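Novice: Below is the structure I would like to discuss, written out as structure tokens.
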Amino acid sequence: MSLLEVRALSAGYGPVEVLHGIDLDVDHGEMVVILGANGAGKTTTMRAVSGTIGRSGSVTFDGVDITRTNAEKLVGMGIAHVPQGRGTFPDLTVMDNLRVGAYARSGGIAADIDRWFAVFPRLAERRDQRAGSLSGGEQQMLAIARALMSHPKLLLCDEPSLGLAPLITQEVFEVLKKLNAEEGLSVLLVEQNANLALKVAQRVYLLETGTVVASGSAAQIASDDAIRKAYLGA
Amino acid sequence: MERFFQYLFDGLSLGSIYALLALGLVVVFRGTGHLNFAQGEMAMICTFVVWQFNDWGVPLVLSIILGMIVGFALGAGVEATIIRGVAKKSQAGVFVVSIALFLGLNSLAAMIWGSLPPEQLPGLFPDEPDDFQRIFGAVWRYEYIGVLAVALVLMGLLFLLFAKTKFGLAMRAVASNPESARLAGIPTGIVLASSWGIAGAMGALSGTLWGGIVGELNAGLMFTVFIYASAAATLGGFDSPGGAVIAGLTIGVGEQFLAGYFPGWIGQEMKLSAALLTIFVVLLVKPSGLFGSTKVERV
């Protein structure tokens, strides 16, 4: 059984339905990417999975039906969500951001903070600065480190490349890839930068106006001519 | 010089009461972004509750603690039942609701306790004519010293709560980014209700201290204090607890100096206008207050 099983998931905002019954799986230790144009429903999918917006259909995580579970409970079950753009607490220091990340658990927090400081040395240098004063790339790294402080089994990462310089984006993706490969962290990634995403992910879902129009292994998708034309620009 | 110290000291003591109420405003504002117009009336009701317990024979200190518990329950209850539902639909609605609460609580107090002869709330501290100490020639009444001490201790505890506890961290996180706070597993509902509860409890204490100084309770007890507290919160910055305390003390001292040194044209009557003028000028010149943060964010 997959770690995350999404079936006939529909969601939207008020009377507007954005997501029209999608199916999606993330296996243990797998890195899956959702590709799609602006407005395809990628962020909505992430929000629906983590329960921050109303949804119908079913979401099963680690064998437990979480369709009716509160968003604030999920982190304790092992789902960490880095929302698009602002995953940090701008008024809190870097240290406090990481402490908030460990809110749902206890014990070994100081050691974990040290660990992420080792992975992201620039965060260590800025440990007492307010997160809002960090650069975009540093904030994104902090958001990811903050999410990882909860010891998740599944990391939902919504467009980590947004607004970042290419070099920084690559750095962020390297870290995700490493965590996935070395620690078996399962990742569900939303990304507009298809070329980059296809390099790190094992499987791909292609989203168009709220439905899955194609899915397959990263290699399959990358070699599909029609998809290449539409999404990879070559 | 004697006069200077007298005004300074009286001002600090009264200012600490404004600061307590202003802190309540700030705690609520930081958590939910709302200005709670009913803050003063919640404090007034709780002061009556303290008096009522005391009148039933409960020792005063215990009555005050009970009053603060009632204040916490009142604040948390109002947030969870009324404010949260309205805030989902309309932010402007919250403003109207808090004014309705202001009027409702005021009428409620008048209805329950208004028919009795004016109640005397005993002071928490010795308040006989000779209960004072002369320092720098100024009269330091024990009651005023006590009020200042109690207010400062409570504020100190509150700052420890903010800075050092996991709950304080959660409050700061919710104030900074509610969506990510939820995703980090913080029960935002409980945190917000608690913010209002803490504001209610601080209101109860500030009302009781003020009631002890005024001596006589009535439904209008907290009206002027609320104006001063609003001025303090505006001056200090609505999202800055430290600013609220400093501004509260400053306004208390300023009030005494203005009324004391210019009795002719400011005096007791125009003090309140001076506070309102402060609000006006601060909003005009520096809307974020002296210590408030302007929302600037790098992306």
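Here the protein sequences come in this chain order: A and B.
Position 138 (the first sequence) corresponds to 197 in our numbering; numbering is contiguous.
Position 296 (the second sequence) corresponds to 471 in our numbering; numbering is contiguous.
Glycine included, every Cβ here is placed at the ideal spot set by N, Cα and C.
Remember, it's a predicted structure, so these values are computed and weren't measured experimentally.
Using a Cβ-Cβ cutoff of less than 8 Å, which residues in the same chain neighbour B/S468 once the five nearest sequence positions on both sides are dropped?
Specialist: Within the second sequence, residue 468 of chain B is the residue found at index 293, counting from 1. Only G412, D414, S415 meet the Cβ criterion.
Novice: If you draw a straight line from the alpha carbon of B/F204 to that of B/N211, how long is it in whole angstroms?
Specialist: Within the second sequence, numbered from 1, the residue matching residue 204 of chain B stands at position 29. Within the second sequence, numbered from 1, the residue matching residue 211 of chain B stands at position 36. If you take the alpha carbons of B/F204 and B/N211, they lie about 8 Å apart.
Novice: Looking at C-alpha atoms only, which residue of A/P149, A/N254, A/M60, A/T119 is the closest neighbour of A/A67?
Specialist: For this step, residue 67 of chain A is matched to residue 8 along the first sequence. Nearest C-alpha to A/A67: A/T119.
Novice: Who are A/Q251's beta bridge partners in DSSP?
Specialist: To locate residue 251 of chain A, count along the first sequence from 1; it is residue 192. DSSP, once it has assigned bridges, lists no residue as partnering A/Q251.
Novice: Got a sec, what are the start and stop residues for the beta strand (DSSP E) B/A313 sits in?
Specialist: What you label residue 313 of chain B is simply residue 138 of the second sequence in a count that begins at 1. Residues 313-316.
Novice: I believe B/G427 touches B/G186 by the beta-carbon criterion, under 8 Å. Please report the beta-carbon distance rounded to the nearest angstrom.
Specialist: Within the second sequence, residue 427 of chain B is the residue found at index 252, counting from 1. Within the second sequence, residue 186 of chain B is the residue found at index 11, counting from 1. Indeed they touch by this definition, with Cβ atoms about 4 Å apart.
Novice: How about B/T409 and B/L447: are their beta carbons less than 9 Å apart?
Specialist: Working through the second sequence from its first residue, we reach residue 409 of chain B at position 234. Working through the second sequence from its first residue, we reach residue 447 of chain B at position 272. Not closer than 9 Å, so no.
Novice: State buried or exposed for A/S209, treating a residue as buried only when at least 16 other CB atoms are found within 10 Å of its CB.
Specialist: Counted from its first residue, the first sequence places residue 209 of chain A at position 150. Buried.
Novice: Run through the DSSP bridge pairs and tell me what A/H140 is partnered with.
Specialist: Here the question's residue 140 of chain A lines up with position 81 in the first sequence. According to DSSP, which records beta bridges pairwise, A/H140 is partnered with A/L215.
Novice: May I ask you to report which of helix, strand or coil DSSP gives A/G95?
Specialist: Residue mapping note: residue 95 of chain A aligns to position 36 of the first sequence, counting from 1. Note: A/G95 maps to strand in three-state DSSP.
Novice: Between the Cα of A/F148 and those of A/A281, A/T268, A/M200, A/A190, spot the shortest distance and give me the residue it belongs to.
Specialist: As a first step, residue 148 of chain A is located in the first sequence; it is residue number 89 there, counting from the start. With distances taken between Cα atoms, A/F148 lies closest to A/A190.
Novice: Please decide whether A/L63 counts as near chain B, where near means a Cβ-Cβ distance under 9 Å.
Specialist: In the first sequence, residue 63 of chain A corresponds to position 4, counting from 1. For A/L63, the answer is no, since every Cβ of chain B falls outside 9 Å of its Cβ.
Novice: For B/L276, which three-state DSSP category applies?
Specialist: The residue given as residue 276 of chain B occupies position 101 in the second sequence. Helix.
Novice: Taking any Cβ of chain A, which residues in the segment 391-403 of chain B have a Cβ under 9 Å from it, in chain order?
Specialist: Per Cβ criterion, the list is empty.
Novice: To which residues does DSSP link A/D84 through a beta bridge?
Specialist: Sequence index remark: in the first sequence, residue 84 of chain A carries index 25 (1-based). Per DSSP, A/E64.
Novice: In chain A, which residues lie with their C-beta within 9 Å of the C-beta of B/G190?
Specialist: Along the second sequence, read from residue 1 onward, the residue named residue 190 of chain B stands at position 15. Correct list: empty, because the minimum Cβ distance to chain A is about 27 Å.
Novice: Between the Cα of A/T152 and those of A/Q198, A/I168, A/V231, spot the shortest distance and give me the residue it belongs to.
Specialist: The residue you call residue 152 of chain A lines up with position 93 of the first sequence. The shortest Cα separation from A/T152 among A/Q198, A/I168, A/V231 belongs to A/Q198.
Novice: Helix, strand or coil: which one does DSSP assign to B/Q308?
Specialist: For the purposes of this step, residue 308 of chain B is taken as the residue at position 133 of the second sequence. The answer is strand: DSSP assigns B/Q308 an E or B state.
Novice: Jot down the residue ranges of each uninterrupted alpha helix (DSSP H) in the segment 142-195 of chain A, minimum 4 residues, whole runs only, in chain order.
Specialist: With a minimum length of 4 residues, the continuous alpha helix (DSSP H) runs that stay inside the segment 142-195 of chain A are 153-160, 168-178, 180-184.
Novice: From the DSSP output, in three-state form, read off B/V233 for me.
Specialist: Counted from its first residue, the second sequence places residue 233 of chain B at position 58. Correct three-state label for B/V233: coil.
Novice: Among residues of its own chain, excluding the 5 on either side of B/V474, which ones have a beta-carbon nearer than 6 Å to its beta-carbon?
Specialist: The residue given as residue 474 of chain B occupies position 299 in the second sequence. Only weak support exists for where B/V474 lies, its pLDDT of 42 falling under 50; the coordinates are left without a value.
Novice: By the 8 Å beta-carbon criterion, what residues does the segment 84-112 of chain A contribute toward chain B?
Specialist: Correct list: S109, T111.
Novice: So, helix, strand or coil for B/G190, using DSSP?
Specialist: What you label residue 190 of chain B is simply residue 15 of the second sequence in a count that begins at 1. It is helical.
Novice: So, A/Q261 versus A/A277, is the Cβ gap smaller than 9 Å?
Specialist: Taking the first sequence and counting its residues from 1, the one referred to as residue 261 of chain A is at position 202. Taking the first sequence and counting its residues from 1, the one referred to as residue 277 of chain A is at position 218. Yes.
Novice: Go to A/F120, then tell me how far its beta strand (DSSP E) extends in each direction, as first and last residue.
Specialist: If you number the first sequence from 1, residue 120 of chain A lands on position 61. Start and end: 114-120.
Novice: For chain A, find out if any of its Cβ atoms is closer than 9 Å to the Cβ of B/T340; answer yes or no.
Specialist: By 1-based counting over the second sequence, the position of residue 340 of chain B is 165. With 9 Å as the cut-off, B/T340 does not count as an interface residue toward chain A.
Novice: Just tell me which of B/P362, B/N229, B/F223 has its CA closest to the CA of B/M286.
Specialist: Numbered from 1 along the second sequence, position 111 holds the residue referred to as residue 286 of chain B. The shortest Cα separation from B/M286 among B/P362, B/N229, B/F223 belongs to B/F223.
Novice: With respect to the beta strand (DSSP E) encompassing B/R347, which residues constitute its N-terminal and C-terminal limits?
Specialist: Taking the first residue of the second sequence as 1, we reach residue 347 of chain B at position 172. Per DSSP, B/R347 belongs to no beta strand (DSSP E); it is in the alpha helix (DSSP H), 341-351.
Novice: Among B/L241, B/E294, B/M217, B/A376, which one has its Cα closest to the Cα of B/F228?
Specialist: In the second sequence, counting from the first residue as 1, residue 228 of chain B sits at position 53. Nearest option by C-alpha distance: B/L241.
Novice: Please determine, among A/V272, A/G137, A/A285, the residue with the shortest C-alpha to C-alpha distance to A/I93.
Specialist: Taking the first residue of the first sequence as position 1, residue 93 of chain A is located at position 34. Checking every option, the nearest Cα to that of A/I93 belongs to A/V272.
Novice: Using the Cα positions of A/V134 and B/T399, report the straight-line distance between them to the nearest angstrom.
Specialist: Here residue 134 of chain A is taken as the residue at index 75 of the first sequence, counted from 1. Here residue 399 of chain B is taken as the residue at index 224 of the second sequence, counted from 1. Taking the straight line from one Cα to the other gives about 46 Å.
Novice: Where do the N-terminal and C-terminal ends of the alpha helix (DSSP H) with A/T103 fall, by residue?
Specialist: Here residue 103 of chain A is taken as the residue at index 44 of the first sequence, counted from 1. Counting along the chain, the alpha helix (DSSP H) containing A/T103 begins and ends at 101-109.
Novice: Give, in chain order, every residue of the segment 151-165 of chain A whose Cβ lies closer than 7 Å to some Cβ of chain B.
Specialist: The segment 151-165 of chain A vs chain B, Cβ under 7 Å: L151, D155, R158, V159, G160, Y162, A163.
Novice: When Cβ atoms are compared, which residues of the segment 111-134 of chain A fall closer than 9 Å to chain B?
Specialist: Within the segment 111-134 of chain A, the residues whose Cβ lies closer than 9 Å to some Cβ of chain B are T111, N129, A130, E131, K132, L133, V134, listed in chain order.
Novice: Suppose you measure from the CA of A/A161 to the CA of B/D305; what does that come to, to the nearest Å?
Specialist: Residue numbering aside, residue 161 of chain A sits at position 102 when the first sequence is read from its first letter. Residue numbering aside, residue 305 of chain B sits at position 130 when the second sequence is read from its first letter. Roughly 56 Å separates the two Cα atoms.
Novice: DSSP three-state label for A/S69, please.
Specialist: Your numbering for residue 69 of chain A matches position 10 in the first sequence. DSSP places A/S69 in strand when its eight states are reduced to three.
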